[in-house]
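Q: Protein chains in written order, with our numbering: chain A, 52 to 383; chain B, 8 to 340. Idealized CB from N, CA, C, for every residue including glycine.
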Amino acid sequence: MTALVSVRNLVKYYHSAGLFGRSAPPVRAVDGVSFDVGRGETLALVGESGCGKSSVGRTLLRLQEPTSGEALYEGKDVFSLNRTALRQIRRRMQIIFQDPYSSLNPRMTVGAAIAEGIEIHHLAPRQEIPGRVAALLEEVGLDPTYARRYPHEFSGGQRQRVGIARALAVQLSFIVCDEPVSALDVSVQAQVLNLLADLQHQRGLSYLFIAHDLAVVRQIAHRIAVMYLGRIVEEGSTNEILSDPRHPYTVALLSAVPEPDPSARRARIVLSGDLPSPSNPPPGCPFHTRCFHPLKDTRCRIEVPLLRPVGGTLAACHYAESTPRAVADSVA
Amino acid sequence: MTRVLEVNNLRVSFPGTGHTRFYPVDGVSFSLERGEMLALVGESGCGKSLTSLALLQLIPPPGRIEGGSTIRLGDTDVLTLKGEALRRIRGRRVGMIFQDPMTSLNPVFTVEAQVIEGILAHFKISKAEARDRALQLLREVGIPDPADRLKAYPHQLSGGMRQRVMIAIALSAEPEILVADEPTTALDVTVQAQILEVLDGLRTRRGMAVLLITHDLGIVAGRADRVAVMYAGQIVEEAATARLFANPSHPYTQGLFASVPRITGPLKRLNPIRGSVPAPAAWPTGCRFRPRCPQAFDRSETEPPLIPVEPDHRMRCWLAEDPNTSRSLFLDS
Numbered sequence: 052m053t054a055l056v057s058v059r060n061l062v063k064y065y066h067s068a069g070l071f072g073r074s075a076p077p078v079r080a081v082d083g084v085s086f087d088v089g090r091g092e093t094l095a096l097v098g099e100s101g102c103g104k105s106s107v108g109r110t111l112l113r114l115q116e117p118t119s120g121e122a123l124y125e126g127k128d129v130f131s132l133n134r135t136a137l138r139q140i141r142r143r144m145q146i147i148f149q150d151p152y153s154s155l156n157p158r159m160t161v162g163a164a165i166a167e168g169i170e171i172h173h174l175a176p177r178q179e180i181p182g183r184v185a186a187l188l189e190e191v192g193l194d195p196t197y198a199r200r201y202p203h204e205f206s207g208g209q210r211q212r213v214g215i216a217r218a219l220a221v222q223l224s225f226i227v228c229d230e231p232v233s234a235l236d237v238s239v240q241a242q243v244l245n246l247l248a249d250l251q252h253q254r255g256l257s258y259l260f261i262a263h264d265l266a267v268v269r270q271i272a273h274r275i276a277v278m279y280l281g282r283i284v285e286e287g288s289t290n291e292i293l294s295d296p297r298h299p300y301t302v303a304l305l306s307a308v309p310e311p312d313p314s315a316r317r318a319r320i321v322l323s324g325d326l327p328s329p330s331n332p333p334p335g336c337p338f339h340t341r342c343f344h345p346l347k348d349t350r351c352r353i354e355v356p357l358l359r360p361v362g363g364t365l366a367a368c369h370y371a372e373s374t375p376r377a378v379a380d381s382v383a
Numbered sequence: 008m009t010r011v012l013e014v015n016n017l018r019v020s021f022p023g024t025g026h027t028r029f030y031p032v033d034g035v036s037f038s039l040e041r042g043e044m045l046a047l048v049g050e051s052g053c054g055k056s057l058t059s060l061a062l063l064q065l066i067p068p069p070g071r072i073e074g075g076s077t078i079r080l081g082d083t084d085v086l087t088l089k090g091e092a093l094r095r096i097r098g099r100r101v102g103m104i105f106q107d108p109m110t111s112l113n114p115v116f117t118v119e120a121q122v123i124e125g126i127l128a129h130f131k132i133s134k135a136e137a138r139d140r141a142l143q144l145l146r147e148v149g150i151p152d153p154a155d156r157l158k159a160y161p162h163q164l165s166g167g168m169r170q171r172v173m174i175a176i177a178l179s180a181e182p183e184i185l186v187a188d189e190p191t192t193a194l195d196v197t198v199q200a201q202i203l204e205v206l207d208g209l210r211t212r213r214g215m216a217v218l219l220i221t222h223d224l225g226i227v228a229g230r231a232d233r234v235a236v237m238y239a240g241q242i243v244e245e246a247a248t249a250r251l252f253a254n255p256s257h258p259y260t261q262g263l264f265a266s267v268p269r270i271t272g273p274l275k276r277l278n279p280i281r282g283s284v285p286a287p288a289a290w291p292t293g294c295r296f297r298p299r300c301p302q303a304f305d306r307s308e309t310e311p312p313l314i315p316v317e318p319d320h321r322m323r324c325w326l327a328e329d330p331n332t333s334r335s336l337f338l339d340s
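1) Should His222 (chain B) be flagged as near chain E, meaning a C-beta pair shorter than 8 angstroms?
2) Along the alpha helix (DSSP H) that carries Ala216 (chain A), what are the first and last residues, could you check?
3) Return the residue from the list A:Ser323, A:Pro327, A:Leu293 and A:Ile147 that minimises the CA-CA distance to Gly362 (chain A).
4) Cβ of Leu358 (chain A) less than 8 angstroms from any chain B Cβ?
5) By the DSSP assignment, the beta strand (DSSP E) with Asn60 (chain A) in it spans what residues?
6) Taking contact to mean 3 or more Cβ pairs, one atom from each stretch, closer than 8 angstroms, check whether the stretch 229-248 of chain A and the stretch 144-152 of chain A are in contact.
7) Can you tell me whether DSSP reads Leu224 (chain B) as helix, strand or coil?
8) Check whether the Cβ of Arg212 (chain B) lies closer than 8 angstroms to any Cβ atom in chain A.
9) Comparing C-alpha positions only, which one of B:Arg97, B:Pro151 and B:Glu136 sits nearest to Pro182 (chain B)?
10) Count Cβ pairs between the stretch 169-181 of chain A and the stretch 117-136 of chain A that sit closer than 8 angstroms; are there 3 or more?
11) Between Asp325 (chain A) and Leu346 (chain A), what straight-line distance do the alpha-carbon atoms span, to the nearest angstrom?
12) For Val382 (chain A), name the three-state secondary structure that DSSP assigns.
13) Taking 8 angstroms as the cut-off, does the stretch 342-356 of chain A touch the stretch 21-41 of chain B (at least 3 CB pairs, one atom from each stretch)?
14) On a Cα-Cα basis, can you pick out the residue from A:Leu188, A:Asp236 and A:Leu223 that is closest to Ser206 (chain A)?
15) Excluding the five sequence neighbours on either side, which residues of its own chain have a C-beta within less than 8 angstroms of the C-beta of Arg250 (chain B), listed in chain order?
16) What is the rounded straight-line gap between the Cα of His103 (chain A) and the Cα of Arg138 (chain A)?
17) Using CA coordinates, which residue listed in B:Leu112, B:Asp107 and B:Leu65 is at the minimum distance from Lys89 (chain B)?
18) At least one CB of chain B closer than 8 angstroms to the CB of Gln21 (chain A): is that the case?
19) By the 8 angstroms beta-carbon criterion, what residues does the stretch 258-272 of chain A contribute toward chain B?
20) Would you kindly report the start and end of the unbroken alpha helix (DSSP H) that includes Ile353 (chain A)?
21) Measure from the C-beta of Glu99 (chain A) to each C-beta in chain B and report whether the shortest distance is under 8 angstroms.
22) Could you compute how far the alpha carbon of Pro195 (chain A) sits from the alpha carbon of Arg297 (chain B)?
23) Suppose you measure from the CA of Val62 (chain A) to the CA of Ala246 (chain B); what does that come to, to the nearest Å?
24) Please report how far the alpha carbon of Ser306 (chain A) lies from the alpha carbon of Glu170 (chain A), in whole angstroms.
25) Indicate whether at least one CB of chain B lies closer than 8 angstroms to the CB of Ser233 (chain A).
26) Answer yes or no: does any C-beta atom of chain B fall closer than 8 angstroms to that of Ala367 (chain A)?
27) Taking the alpha-carbon of Arg210 (chain B) as reference, which of B:Ala61, B:Met237, B:Leu45 and B:Met322 has the nearest alpha-carbon?
28) Give me the DSSP bridge partner(s) of Phe116 (chain B).
29) In the stretch 322-333 of chain A, which residues sit with their C-beta less than 9 angstroms from some C-beta in chain B, listed in chain order?
30) Give the DSSP-derived three-state secondary structure of Arg18 (chain B) in the structure shown.
31) If we ignore side chains and look at the alpha-carbon of each, how far apart do Asp312 (chain A) and Ala228 (chain B) end up?
32) Kindly indicate if chain B contains any beta-carbon less than 8 angstroms away from that of Thr349 (chain A).
33) Suppose you measure from the CA of Asp380 (chain A) to the CA of Glu125 (chain A); what does that come to, to the nearest Å?
34) Using only the alpha-carbon positions, how far apart do Gly75 (chain B) and Phe260 (chain A) sit?
35) So, does the stretch 182-194 of chain B touch the stretch 154-161 of chain B, judging by three or more C-beta pairs under 8 angstroms?
36) Cβ closer than 8 angstroms: which chain B residues qualify as neighbours of Ala307 (chain A)?
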């Protein structure tokens with residue numbers, strides 16, 4: 052499978068002027084991240100708040116400029132495109148956000164919001180636009196007559212559908228989905244997840260699915276990359292990551308997922324402490340301050356572990372071969 | 008067992024258009040025993056948070072608690088209390104923690120000042136004694152280096168630490184009941200696990216009753232003793248946790264379970280409930296779940312009461328009266 056999107060050594064630092072104009076250490080939101088997304092594939096970027104996953108998505112679409120690194124879309128370097136070329140490529144790459152309300156203009160009808168992309172990119176003659184908008188609304192499961200309504204008239208789930216229709220309006224092949232269902236109630240969340248899966252199937256879309264919830268990710272992702280403090284610490288197929296994780300952080304993250312089943316007595320690993328500050332990350336392995344690996348030693352505090360194949364995944368842990376697993380001894 | 012809280016026919020109303028009022032909480036009854044954890048589960052807009060605010064008469068005007076509602080805290084009839092008498096039970100007998108600890112903490116005071124303020128408001132002790140007690144509380148909720156953290160300001164703490172401070176403040180008055188309204192929703196999963204362990208420990212050690220308000224069935228499993236599922240301002244199903252998770256019987260509860268993505272077990276396409284939760288001003292007539300219910304039938308046009316499915320397991324659905332129908336439902340789910 053050739054990659055549709057390739058990201059190499061992406062770095063995004065946020066600089067802020069410190070107190071009294073002295074420069075503060077930069078926040079290292081993304082610190083050397085590389086991955087590929089294939090055609091028709093979903094790669095999930097998973098991690099807790101502050102791990103840099105959203106910064107990856109935004110930088111990739113150049114909603115923010117990267118500090119360094121490379122991002123290729125069909126072989127074209129997104130980061131070196133000029134404005135015209137960037138506009139061209141944004142027909143293909145879109146983003147949907149966690150809160151669809153804040154990304155919709157409250158004074159613009161939903162139909163106008165969806166038509167905007169078609170107009171900007173001259174994708175259809177004017178008289179065909181209403182028909183296109185109606186078809187898009189139907190495709191995302193909304194009544195075509197809703198085109199005349201305003202965003203506030205919709206529920207959260209419906210707004211997210213509008214956000215998706217808006218992304219689909221251009222000749223799209225790649226969507227960054229930034230926590231698209233985490234603000235939705237469970238019953239609506241399931242509807243939107245199913246819709247995203249169906250659209251991928253029908254249109255051959257690729258997704259970079261940014262999320263914190265591994266159970267949600269399992270429903271939609273082919274592969275998972277786990278981020279911690281701006282770095283990918285483990286990457287592999289969804290099945291391998293969930294069944295045989297090798298990085299201690301992935302193990303902890305998995306064990307913390309609350310499962311709605313009292314009979315599934317899973318070993319919970321409760322991590323001690325908090326996420327270190329991304330402006331002052333610990334030396335060596337970024338996870339060593341919270342790691343529970345019995346072999347943890349001075350090497351972890353000095354040497355940054357690189358992603359390397361262990362078992363069925365790529366894991367950035369010096370001792371990934373012997374990572375303890377929180378085995379689910381589920382009583383059926 | 009000692010009953011510490013009994014809520015009967017609680018109705019909360021807000022003014023609607025014209026002279027009408029609507030009822031976001033509409034006839035909610037439940038009770039809580041000493042040391043028990045009851046989870047009130049539901050999606051946004053189901054009335055679960057208003058229910059918890061009503062317990063201490065904290066409904067913001069123009070909302071009001073309707074006549075005919077009763078809330079008994081032991082021997083105290085909460086809804087007859089006013090002024091000083093009401094203030095004495097807030098915090099002292101019922102403690103509360105909320106989703107976002109940052110908005111509940113005062114940013115310009117240290118943790119120490121805020122924890123001690125709570126202690127001194129309820130107990131006649133010296134400042135030094137209060138400080139010792141604050142230190143002890145911080146230790147109890149699992150804050151490392153508690154002496155250092157006492158000197159910190161809220162912004163210097165992480166979300167998980169702030170929530171621990173809030174729990175410490177809620178505990179400072181030694182309440183019989185802790186109401187935890189989505190206490191871990193704003194926190195990351197690894198931190199969420201830590202906070203839930205803290206709540207569990209307090210319940211066992213102090214015999215404190217916990218009313219856990221959440222949208223997340225996952226955090227309820229294996230923690231709460233009983234679960235009450237709310238939909239459109241009413242409790243629609245209530246049972247012991249193990250029983251409810253093994254036999255979700257109300258079509259809404261079944262729909263919720265079918266919507267939740269799982270981390271283990273066979274990977275299936277999710278089977279969501281159609282439509283979305285109606286607005287409180289537009290609760291449907293008859294069974295309120297009827298417009299979204301795949302099993303609605305002619306009787307659903309009449310509003311069902313809570314009907315026993317089994318002893319200690321009730322649901323607001325006419326299917327409970329037809330054992331054949333409900334059994335086949337379980338097989339489907």
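A: In short, the structure shows the following:
1) Structure shown: chain E not included; protein chains present are A and B.
2) Gly207 to Leu219
3) It is A:Leu293 whose Cα lies nearest to the Cα of Gly362 (chain A).
4) no
5) Ala54 to Tyr65
6) yes
7) helix
8) no
9) B:Arg97
10) no
11) Between Asp325 (chain A) and Leu346 (chain A), the C-alpha separation is close to 21 angstroms.
12) Residue placement at Val382 (chain A) is poorly supported in this model, since its pLDDT is 33, which falls under 50; the coordinates are not used for a value here.
13) no
14) A:Asp236
15) Glu317, Asp319 and His320
16) At residue 103 (chain A) the sequence reads Gly, which differs from the His that was named. Each residue's alpha carbon lies about 25 angstroms from the other.
17) B:Leu65
18) This structure leaves residue 21 (chain A) out entirely; chain A is present only between 52 and 383.
19) His263, Asp264, Leu265, Ala266, Val267, Arg269 and Gln270
20) Thr349 to Ile353
21) yes
22) Rounded to whole angstroms, Pro195 (chain A) to Arg297 (chain B) spans 25 angstroms at the Cα level.
23) Straight-line Cα distance between these residues: approximately 51 angstroms.
24) 48 angstroms
25) no
26) no
27) B:Leu45
28) None; Phe116 (chain B) has no bridge partner.
29) For chain B, the residues of the stretch 322-333 of chain A that bring a beta carbon within less than 9 angstroms of one of its beta carbons are Leu322, Ser323, Gly324, Asp325 and Leu326, in chain order.
30) strand
31) 6 angstroms
32) no
33) Reliability fails at Asp380 (chain A), whose pLDDT of 40 lies under 50, so the model's placement of it is uncertain and the value that follows must be treated cautiously. Taking the straight line joining both Cα atoms gives about 45 angstroms.
34) 50 angstroms
35) no
36) Val196, Thr197, Gln199 and Ala200
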